[in-house]
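Residue numbers (the working numbering), protein chains in the order written: chain A, 1 to 281; chain B, 282 to 645.
Step one of this worksheet: look at the structure below.
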Ligand SMILES: Nc1ncnc2c1ncn2[C@@H]1O[C@H](COP(=O)(O)OP(=O)(O)O)[C@@H](O)[C@H]1O
Ligand SMILES: [Mg+2]
């Protein structure tokens with residue numbers, strides 16, 4: 001890192017800028033956390049204070065009673081995002097490899113097509129998608145949330161992974177080919193092991209995408225409570241008369257906690273993956 | 282029997298014609314080097330032999346069988362790449378074992394074959410390391426190890442030494458020649474370095490702009506270059522080419538007036554008419570002190586055993602001479618050098634050689 005070469009004032013500048021940036025990004029989370037600790041009464045009446053003595057973990061206990069299926073919603077969220085990620089990667093890896101290495105008709109055109117599809121947000125296509133899923137009798141099943149999720153994430157996945165695979169030296173694959181290895185064998189024993197950092201980066205971004213978009217598909221294509229993911233399930237904290245904000249925030253934070261822990265664990269690979277290929281080995 | 286015949290190979294990338302009809306017959310167990318300037322099509326030709334690239338037309342015949350339509354592994358070839366192309370995530374053992382794993386050999390067979398290759402290449406104590414932990418020369422040996430475990434009929438090397446430093450390159454040249462003797466296999470070796478070609482090859486193919494300029498033993502190329510291109514490409518320092526005009530021709534040879542120099546009668550035969558423009562080729566090492574060409578010395582490189590002298594004739598023509606180490610020469614002074622007429626080469630206006638009648642006779 002070049003940070004050692006900077007003067008003290010430059011360093012202070014860098015850290016200050018980083019702090020402001022992080023504060024901006026993390027502010028909503030900090031506020032969520034504060035809200036989740038405050039009792040409802042306090043929430044509606046008291047003036048803004050950073051800290052107060054009546055802060056407690058009560059909401060984290062009560063939320064399981066207010067919304068009895070909360071545990072299931074959290075599970076559904078992670079399950080759906082994981083299933084979408086796995087299915088997307090199964091499709092994206094061979095497709096990205098084909099785009100990175102093979103010559104075939106309409107290669108550039110279809111790649112452009114994928115990018116064009118990405119321009120449509122899911123929202124524009126909700127009604128046609130609804131009709132498709134209905135005629136396939138998939139409404140109100142996990143598939144109704146998973147399939148559109150996979151479909152919308154494949155294009156980005158292909159674009160991201162393709163550029164990563166293109167950086168793997170072609171001679172490695174030629175050497176394997178000369179030694180008699182088939183395309184699939186080379187993919188399995190040479191390309192994929194070398195692409196692990198890239199696969200983690202792409203897998204992560206697909207997972208985040210899947211987590212974020214499931215809300216839209218869940219509220220449109222599903223009305224079975226047992227299948228609902230957390231973002232949709234959070235609506236149950238909205239009562240007839242009032243909204244239990246503190247419990248809702250507590251539930252949201254609890255829901256993303258396992259995912260955050262997982263990413264924390266992956267972080268070292270993520271950073272390596274994002275900078276890999278910058279330097280030729 | 283692993284002869285390798287190339288029959289009228291051509292190759293075009295789009296509209297660019299890279300190989301323009303290559304015909305070669307390489308013998309069993311021969312070490313043949315393809316040499317030529319960068320971009321002349323050496324790698325392309327080698328990749329066509331390997332089966333990594335498809336020829337636009339022509340046939341590859343290995344051991345009498347047309348393999349043009351076969352996959353690399355079915356051709357019985359193996360290839361060592363310039364970048365080594367080692368798999369960074371696999372150990373040295375697994376790198377060498379890769380072709381055997383593909384062929385699904387038993388664990389015991391893999392162990393014994395990799396062990397044997399490692400022994401030949403002195404890698405036995407490095408088998409557990411990753412390629413990134415090895416030096417350049419060791420990586421090169423691993424790449425060679427991977428190519429020998431399959432017992433191919435023909436080995437292909439694409440500039441395998443160009444990433445090594447000069448001292449290591451010298452050692453590896455010797456090792457490769459040794460390896461060729463040990464394996465007694467047919468080897469085709471691509472390089473742009475004429476020293477590698479001269480030192481290792483049984484026969485050299487000089488390529489230029491997609492054509493074979495000449496195919497012969499190193500000494501044939503040195504003493505009987507077929508063209509002006511080969512003459513200047515082979516030999517260090519490069520051959521001098523002095524423009525001259527033909528005066529006459531008789532049984533003793535061709536009489537020419539060297540521009541800005543003396544009249545000489547050179548023992549060569551071929552068609553020439555008085556007044557024709559030709560070029561007289563003189564290797565620096567064939568020039569000696571004596572009355573003939575007077576040059577002004579501009580740069581002098583004393584290497585001990587020899588003194589490489591770069592100078593200029595009165596006509597502005599550059600001249601290089603390799604003279605004895607103790608020759609009494611000084612930069613900036615005039616110097617007179619001469620050549621034995623039998624040592625001179627003559628090229629006609631098209632660049633083709635006129636046959637030397639008194640040069641060392643060489644068995645083909
Ligand atoms: N895949 C390719 N597509 C287009 N042109 C190529 C390709 N491969 C090689 N060439 C061209 O063919 C010529 C010969 O290349 P190459 O065989 O690599 O030369 P060398 O190995 O003798 O330096 C070069 O002009 C190069 O630009
Ligand atoms: Mg080359």
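Backbone N, C-alpha and C define an ideal beta-carbon position, used for all residues, glycine too.
- Message: Just checking residue 319/B against ligand 1 - is the residue's beta carbon closer than 7 Å to any of the ligand's heavy atoms?
- Response: yes
- Message: Any beta carbon from chain B within less than 8 Å of residue 277/A's own beta carbon?
- Response: Because residue 277/A carries a pLDDT of 45, less than 50, the predicted location of this residue cannot be relied on, and no value is offered for it.
- Query: Looking only at C-alpha atoms, which of 64/A, 248/A, 30/A, 152/A sits nearest to residue 232/A?
  - Reply: 248/A
- Task: Measuring only between beta-carbons, confirm whether residue 333/B sits less than 8 Å from chain A.
- Result: yes
- Taking the continuous alpha helix (DSSP H) assigned at residue 479/B, which residues delimit it? 475 to 481
- Specify the secondary structure class of residue 411/B as computed by DSSP and reduced to three states. coil
- Task: Kindly list the residues whose CB is nearer than 6 Å to the CB of residue 348/B, restricted to its own chain and excluding five residues on each side of it in sequence; keep chain order.
- Result: 341, 356
- Task: Could you name the residues of chain B that residue 195/A contacts, counting a contact when the two beta carbons are closer than 9 Å?
- Result: Near residue 195/A there are no residues of chain B at all, since even the closest Cβ is about 10 Å away, more than 9 Å.
- Query: How about residue 161/A: is its C-beta nearer than 8 Å to some C-beta of chain B?
  - Reply: no
- Query: Along chain A, which residues have their Cβ under 7 Å away from the Cβ of residue 441/B?
  - Reply: Per Cβ cutoff of 7 Å: no residues; residue 441/B is ~13 Å from chain A at best.
- Task: Please decide whether residue 166/A counts as near chain B, where near means a Cβ-Cβ distance under 8 Å.
- Result: no
- Item | Every unbroken alpha helix (DSSP H) inside the stretch 114 to 140 of chain A [4 residues or more] | 126 to 135
- Query: When we look at the beta-carbon of residue 212/A and count the other beta-carbons within 10 Å, is it buried (16 or more) or exposed?
  - Reply: exposed
- Query: So, residue 616/B versus residue 587/B, is the Cβ gap smaller than 8 Å?
  - Reply: no
- Query: Between residue 480/B and residue 11/A, what straight-line distance do the alpha-carbon atoms span, to the nearest angstrom?
  - Reply: 58 Å
- Query: Should residue 440/B be listed as close to ligand 2, given that the test is whether its C-beta is under 7 Å from any heavy atom?
  - Reply: yes
- Message: Please report the distance separating the alpha-carbon of residue 387/B from that of residue 176/A.
- Response: 19 Å
- Item | Residues of its chain near residue 277/A, where Cβ-Cβ distance is below 6 Å and the 5 sequence neighbours each way are ignored | At residue 277/A the pLDDT is 45, less than 50, meaning the model places this residue with poor confidence; the figure from the coordinates comes in the next sentence. Excluding sequence neighbours, residue 277/A sits near 167.
- Using a threshold of 7 Å, is the CB atom of residue 323/B nearer than that to any non-hydrogen atom of ligand 4? The ligand content of the structure shown is limited to ligand 1 and ligand 2, which means ligand 4 is not among them.
- Using the C-alpha atoms, what's the distance from residue 364/B back to residue 446/B? 14 Å
- Message: Distance check for residue 561/B and residue 611/B, CA to CA, integer angstroms please.
- Response: 26 Å
- Item | Three-state secondary structure (DSSP) of residue 649/B | Coverage of chain B is limited to positions 282 through 645, which leaves residue 649/B absent and any answer about it impossible.
- Does ligand 1 have even one heavy atom less than 7 Å from the beta-carbon of residue 294/B? yes
- For residue 180/A, which residues in chain B fall below 9 Å Cβ to Cβ? 352, 353, 354, 355, 380, 383, 384, 431
- Message: residue 384/B and residue 395/B - do their beta-carbons sit closer together than 8 Å?
- Response: no
- Query: Taking buried to mean at least 16 other C-beta atoms within 10 Å of its own C-beta, is residue 543/B buried or exposed?
  - Reply: exposed
- Message: residue 506/B and residue 626/B - do their beta-carbons sit closer together than 8 Å?
- Response: yes
- Query: Does the beta carbon of residue 659/B fall short of 7 Å from some heavy atom of ligand 1?
  - Reply: No statement about residue 659/B is possible, as the shown extent of chain B runs from 282 to 645 and does not include it.
- the stretch 105 to 121 of chain A / the stretch 174 to 188 of chain A touching (three or more Cβ pairs under 8 Å): no
- Task: Can you grab the Cα-Cα spacing for the pair residue 244/B / residue 582/B, in whole Å?
- Result: This structure cannot settle anything about residue 244/B, because the visible part of chain B is limited to 282 through 645.
- Task: Note down, in chain order, every chain D residue with its Cβ under 7 Å from the Cβ of residue 201/A.
- Result: No chain D is part of this structure, whose protein chains are labelled A and B.
- Query: In angstroms, rounded to a whole number, what distance separates the CA positions of residue 279/A and residue 201/A?
  - Reply: Below a pLDDT of 50, predicted positions are generally treated as unreliable, and residue 279/A, at 41, falls in that range; the measurement from the model is reported next regardless. Looking at the two C-alpha atoms, the distance is approximately 17 Å.
- Quick one: residues in its chain with C-beta nearer than 7 Å to the C-beta of residue 465/B, no 5 flanking neighbours on either side, listed in chain order? 310
- Query: Can you tell me whether residue 157/A is buried or exposed, with buried defined as 16 or more other CB within 10 angstroms of its CB?
  - Reply: buried
- Task: Kindly list, in the order they appear in chain A, the residues whose Cβ is closer than 7 Å to that of residue 591/B.
- Result: Those do not exist, as residue 591/B stays about 38 Å from chain A at its closest Cβ, beyond 7 Å.
- Message: Could you check whether the Cβ of residue 175/A sits closer than 8 Å to any Cβ belonging to chain B?
- Response: yes
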